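Chemist:
Chains as they are written, first to last, in the UniProt record's numbering: chain E, 1 to 693; chain C, 1 to 576.
#1: Could you pull out every residue in the same chain whose Cβ sits closer than 7 Å to the Cβ of residue 222/C, ignoring the five residues on either side in sequence?
#2: Measuring CA to CA, which of 477/C, 331/C, 484/C, 458/C is closest to residue 243/C?
#3: Give the residues from the segment 341 to 360 of chain E that approach chain C closer than 7 Å (Cβ to any Cβ), ordered along the chain.
#4: Are the C-beta of residue 471/C and some C-beta of chain E separated by less than 8 Å?
#5: Would you say residue 653/E lies against chain C (beta-carbon separation less than 8 Å)?
#6: Considering just the uninterrupted stretch of the beta strand (DSSP E) at residue 27/C, what are its terminal residues?
#7: Apply the 10 Å Cβ neighbour rule to residue 295/E and answer buried if 16 or more other Cβ atoms are within range, or exposed otherwise.
#8: Out of curiosity, what's the CA-to-CA distance linking residue 165/C and residue 140/C?
#9: Between residue 578/E and chain D, is any beta-carbon pair separated by less than 8 Å?
#10: Provide the residue(s) that pair with residue 265/E in DSSP beta bridges, ordered along the chain.
#11: Can you give the beta carbon distance from residue 417/C to residue 316/C, rounded, assuming they're within the 8 Å contact cut?
#12: For residue 241/C, which of helix, strand or coil comes out of DSSP?
#13: Compare the C-beta of residue 45/C against all C-beta atoms of chain E and say whether one is closer than 8 Å.
#14: Measure the C-alpha to C-alpha separation of residue 245/C and residue 426/E and round it to an integer number of angstroms.
#15: With a 10 Å radius around its C-beta and 16 neighbouring C-beta atoms as the bar for buried, classify residue 274/E as buried or exposed.
#16: Quick check: the Cα distance between residue 267/E and residue 218/E, rounded to an integer number of angstroms?
#17: What does the alpha-carbon distance come out to for the pair residue 599/E and residue 440/C?
#18: Considering just the uninterrupted stretch of the beta strand (DSSP E) at residue 85/E, what are its terminal residues?
#19: For residue 440/C, go through chain E and note every residue whose CB falls closer than 8 Å to its CB, in chain order.
#20: Count the other CB atoms within 10 Å of the CB of residue 578/C; is the residue buried (16 or more) or exposed (fewer)?
#21: Express the C-alpha separation of residue 163/C and residue 172/C in angstroms, rounding to a whole number.
#22: With a cut-off of 8 Å, does the C-beta of residue 247/C fall near any C-beta of chain E?
#23: Shorter than 8 Å from the beta carbon of residue 498/E to some beta carbon of chain C?
#24: Looking at the strands, I want to know which residues DSSP matches up with residue 77/C.
#25: Going by the beta-carbon positions, is the gap between residue 329/C and residue 368/C smaller than 8 Å?
#26: Tell me which residue opens and which closes the beta strand (DSSP E) that residue 124/E is part of.
#27: Flag this pair as yes or no: are the beta carbons of residue 250/C and residue 272/C separated by less than 8 Å?
#28: Compare the beta carbon distance of residue 386/C and residue 124/C with 8 Å and say whether it is the shorter of the two.
#29: Between residue 520/C and chain E, is any beta-carbon pair separated by less than 8 Å?
#30: Looking only at its chain, what residues have a beta carbon closer than 7 Å to the beta carbon of residue 70/E, apart from the 5 residues adjacent to it on each side?
#31: To the nearest angstrom, report how far apart residue 26/C and residue 69/C are at their CA atoms.
#32: Here's a check: name, in chain order, each residue in its chain whose Cβ is nearer than 7 Å to the Cβ of residue 318/C, leaving out the five neighbours to either side.
#33: For a test of the three-state rule: what should DSSP assign to residue 444/C, helix, strand or coil?
#34: Distance check for residue 109/C and residue 230/C, CA to CA, integer angstroms please.
#35: When DSSP labels each residue in this structure, what does residue 43/C get in the three-state scheme?
#36: Pick from 446/E, 496/E, 614/E: whose alpha carbon is nearest that of residue 477/C?
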């Protein structure tokens, strides 16, 4: 007996019951009025960006609204993005500029960010691809950053529908040539504008000096040397031009198998132990060739098994660990939890949230990565062993684990500059195939695996559990994950440094194009070649790999003893890996879902309070300093970023403040009457710069 | 003590229940009249109040001894291994007796003596005054009046003496209405909301089963599916079973969380409270809340709804008032639900725990809106079961009066208030307007396992640092800096008065800590504690006098960071 209409003690008057149900579609209402107000919003093009096609009178649905309201505008497709230009109150330009974390606009979708396109035909949703016979009345775009857009095409002219739909489908789904990436037109057009920030000390690892510096920093230079044997990619197109190997290793060895079978240095621990990686030798059937491979590897192992080198423990990531397919399957299930078409769908899945989450096993995969990284850390730190990561190309899980281990062991990697240098060293120079893994060229869906996102999620778990140990916040990680799909930055758009160099500086390099091998397709689904290595190394490896029980004991001991001691944020950092401790990275995955927002609450509230207090401390400290130096009058109080802080929503700093949508069971009337009305009005447009959060 | 046969057993092992490497500590077990005490070889003490014991189990004999597992109502689970079976048997029998008392008079509260005189004790009981609270709400007024109908508990035994009812409801109407209700629990005022011209209120009432909508005009009926006490009891049990597993995997955790249904129940309670708050705030309607008896779910929903509507209840004092009003005075059966006495186990149910968990979820969603912190909720939960204070003994006001609790026992609230520094939320911003209504979000994602409640004693599971601590520390820094500024300013003034020349002397420069020690150690403080370590812990004689949760951290702290030890280490002992 709850609710409206009860004669209240003092209120008395009855509130009108909402009894009116509209059977007219919102589009129709507008059309009947015969004046579709479509505010001209100018399209902002980047240098080198070209408009490809456009359509007017497109209705962008306000997704969270159950009554399917929308905004009319123009839908355009350029060689960089799909953009909706409308009088969208939620995309006020003035406000957007305050979000430093936003690289692209609220209604912009870069072509690479498009995940899946659906069309609605007679209320039925079907995936769209290739040539269409019939054009849909509604277009639904699922993005890789998990945004979902609905565009109504009912009142768009037929030819325009054809042009925009087929244009979008073509430019987002058809296989593309690397040379056609927007990146290149942007780079040539904007060349003069891209001034590099001199304060940016991210180490790029594209010179011998950078590697020497890293060796020195980690004191690895005693036993390891930087080599330039691959300068001009003469030895291998998978390896960077410069890298580091054990000092006694003959440089010619690198050439034997194009850099395969070579232990490549990643990082040195304070006790001198090193993290190494190696890609497997090619699979051979011929006995003679096998014999050659065997003696080659014997030679290599002799070098690294002799003092001054520590005992090597080999971690075979291709057979004893996650497969890329596991990761792909898990993520594609997991992301469905967040790609929500409408409110009803959201509440339907919300009931089964925990079991759906469990069945995706994405969190379990994160846990396994963290656990493996702790195991490796334990070997390096507690057992004084070198760890050699083995993988077919040493460019997927190798990158993930080696960088995760470094984040845990090396506090430098937990600073922003250090983290970027780490990504540069392990992922970019490590030859992670971003082009294939992100499917930027739309050449094979099978190759698309979110390995880098998995890494960022693992780092997020660490940062979430130990926030004071990190120089950056989760927003940084989220923005980094978004930048994977923004072809302005060239960082994540190549499969190897070789590919990048040959394509970015084609003119400078005189290498004929035919000589530069196109990146070979690496089918990770076929049987891995590492059996070979295991067989060849036979006894030696089995001697070195501890029996699993023993390893478990060491692991437990290490893990529990670390967690029972006070944490040194400038030292070794281990995550908790008990099931309940692995959490959903809400900012990355839930930020576009208005149903999940907390008005005036969430982590943002804590963060803003914290910033406010830090400012206060700084200010007071300044005041004291002033007194010390007795420099007379105090400077005017610095305007506080957050002193005026309105109550933010938990979706900050991504989605703008959005009102609640209807929910089952509860009445649909909004919360608009809450609080002071004036306050509310202010809230709507008060956004605070938390760009660096 | 007639129940205690063995008072001391040596060479007892205490197992760590979450250690996958089966760690254990060896020490001596003592049995006192009120507590079970374990002192390990590092002289670390674990105190367990007999009243906190929910279950004692003797497991099958092993080669190393006889395992004794004790489950506590505050979710502590200890696993001892007693070398000799006879000792184990003796302790087991003693604990069975000591943990289940037959009479109220045998409970700890009746013997607990915090060394206060009668005057102080009485003042303590007067700290929370419900008459004052109704005045604050704005009743009596033109529509609501105090009814004297229940002054002698004649209409309803489980209601308090003083009740507010609509002015138009005459005594015969009230008496008549009570006849239709379970235990005569007729509709009375629970919360009256004043905000601008709005005049809405929440009522409470009970009536078994469903209300017939036809009997009312101008109403909307809303069924809210909150399950009964039996479902809740077994749901929590399932949750704890799942989470008690060693090395719990991600998938077992989530599937267990789902199948226990616990968070779904929490969500249901929260949804109902939101519904209530919305009806009052947005629709300007009055709400009548009822369940079968009106002392479990009704209490939950009314108190949570009030908490959403009125920021007063989000303060330390206000929260005490809320519990006093909606739970204690309206007859939530604390003694039966908490199993204070040896009674019907089917009456035991975590209804109040569930309420505290809802509040905790709100504090998580709105970190700036509550004056109190998590430790406050945990401490209240501790004392719901400790039977150390009189507040929660008995099942209704009438029973409490008969037990003469105000004469024979102490009230918890003044002790908590004296200690309130420990319970302050550093993020609280008191500036928010009085009627800043909270709009919690009840998407499943926002419901989390409350580790600090259900695993509060399993310290290996807790992170060792939190933003909370950082803020506490920063607050301290600010205070220090502000003090420095004041000192400097006054010194400057003095100087200026003495020497007209404004040169700062060396002495002056040195009078301020150029870098105060707190600044230097800003990131060195290491420990995640449920209660902040930097104040004397447990100035109330807590139910477990030396609570290792806090002292262990403090001790470790002292070893590793001698610079910071000023934060009282070894405080735990001061209350023994």
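Beta carbons: idealized from backbone N, C-alpha and C, even for Gly.
Values in this document were obtained by computation on a predicted structure and should not be read as measured data.
Modeler: With the given structure in hand:
#1: Here residue 222/C refers to the residue found at position 222 of the second chain. Excluding sequence neighbours, residue 222/C sits near 275.
#2: Counting from 1 along the second chain, the entry for residue 243/C is found at position 243. Comparing Cα-Cα distances from residue 243/C to each of 477/C, 331/C, 484/C, 458/C, the minimum goes to 458/C.
#3: 350, 353, 354, 355, 357, 358
#4: In the second chain, counting from the first residue as 1, residue 471/C sits at position 471. With 8 Å as the cut-off, residue 471/C counts as an interface residue toward chain E.
#5: The residue given as residue 653/E occupies position 653 in the first chain. So no, residue 653/E is outside the interface.
#6: Your numbering for residue 27/C matches position 27 in the second chain. Residues 24 to 31.
#7: The residue labelled residue 295/E in the question sits at position 295 within the first chain. Residue 295/E should be labelled exposed.
#8: If you number the second chain from 1, residue 165/C lands on position 165. If you number the second chain from 1, residue 140/C lands on position 140. When rounded, the distance between both Cα atoms is 9 Å.
#9: Protein chains E and C are contained in the structure displayed, whereas chain D is not.
#10: Position 265 of the first chain, counted from the start, is the residue given in the question as residue 265/E. Paired residue(s): 276/E.
#11: The residue you call residue 417/C lines up with position 417 of the second chain. The residue you call residue 316/C lines up with position 316 of the second chain. Right, the Cβ-Cβ distance comes to about 7 Å (below 8 Å), so this counts as a contact.
#12: Taking the first residue of the second chain as 1, we reach residue 241/C at position 241. Residue 241/C: helix per DSSP, three-state reduction.
#13: In the second chain, the residue the question calls residue 45/C occupies position 45. No, because no Cβ of chain E sits closer than 8 Å to the Cβ of residue 45/C.
#14: As a working mapping, residue 245/C is identified with position 245 in the second chain. As a working mapping, residue 426/E is identified with position 426 in the first chain. So the two alpha carbons sit approximately 37 Å from each other.
#15: Counting from one through the first chain, the residue named residue 274/E turns up at place 274. Residue 274/E comes out buried.
#16: Looking up residue 267/E in the first chain gives position 267. Looking up residue 218/E in the first chain gives position 218. Roughly 7 Å between the two C-alpha positions.
#17: Here residue 599/E refers to the residue found at position 599 of the first chain. Here residue 440/C refers to the residue found at position 440 of the second chain. Answer to the nearest angstrom: the Cα atoms are 8 Å apart.
#18: Against the first chain, residue 85/E aligns to sequence position 85. That run of the beta strand (DSSP E) goes 81 to 86.
#19: Position 440 of the second chain, counted from the first residue, corresponds to residue 440/C. Within 8 Å Cβ-Cβ: 598, 601.
#20: An answer regarding residue 578/C cannot be provided, because it is not within the stretch 1 to 576 covered by chain C.
#21: On the second chain, position 172 is the one that residue 172/C refers to. On the second chain, position 163 is the one that residue 163/C refers to. Spanning the two alpha carbons is a distance of roughly 15 Å.
#22: Here residue 247/C is taken as the residue at index 247 of the second chain, counted from 1. It does; some Cβ of chain E falls within 8 Å.
#23: Within the first chain, the letter at position 498 stands for residue 498/E. Judged by the 8 Å Cβ criterion, residue 498/E is not in contact with chain C.
#24: If you number the second chain from 1, residue 77/C lands on position 77. In DSSP, residue 77/C forms a bridge with 71/C.
#25: Numbered from 1 along the second chain, position 329 holds the residue referred to as residue 329/C. Numbered from 1 along the second chain, position 368 holds the residue referred to as residue 368/C. No.
#26: Here the question's residue 124/E lines up with position 124 in the first chain. Annotation for residue 124/E: the continuous beta strand (DSSP E) segment containing it runs 124 to 127.
#27: Within the second chain, numbered from 1, the residue matching residue 250/C stands at position 250. Within the second chain, numbered from 1, the residue matching residue 272/C stands at position 272. Cβ distance not < 8 Å, so residue 250/C and residue 272/C don't count as in contact.
#28: Your numbering for residue 386/C matches position 386 in the second chain. Your numbering for residue 124/C matches position 124 in the second chain. Not a contact, by the Cβ cut-off of 8 Å.
#29: Position 520 of the second chain, counted from the first residue, corresponds to residue 520/C. Residue placement at residue 520/C cannot be trusted, given a pLDDT of 38 that sits under 50; what the coordinates show is reported in the next sentence. So, not an interface residue.
#30: The residue labelled residue 70/E in the question sits at position 70 within the first chain. The answer, listed in chain order, is 26, 59, 60, 61, 62, 152.
#31: Here the question's residue 26/C lines up with position 26 in the second chain. Here the question's residue 69/C lines up with position 69 in the second chain. Taking the straight line joining both Cα atoms gives about 16 Å.
#32: Position 318 of the second chain, counting from 1, holds the residue named residue 318/C. Closer than 7 Å at Cβ, skipping near neighbours: 312.
#33: As a first step, residue 444/C must be located in the second chain, where it is residue number 444. The DSSP-derived three-state label of residue 444/C is helix.
#34: For the purposes of this step, residue 230/C is taken as residue 230 along the second chain, with counting starting at 1. For the purposes of this step, residue 109/C is taken as residue 109 along the second chain, with counting starting at 1. Their backbone Cα atoms lie some 28 Å apart in a straight line.
#35: Along the second chain, read from residue 1 onward, the residue named residue 43/C stands at position 43. Three-state DSSP puts residue 43/C in coil, outside helix and strand.
#36: The residue you call residue 477/C lines up with position 477 of the second chain. Among 446/E, 496/E, 614/E, the Cα nearest to that of residue 477/C is on 614/E.
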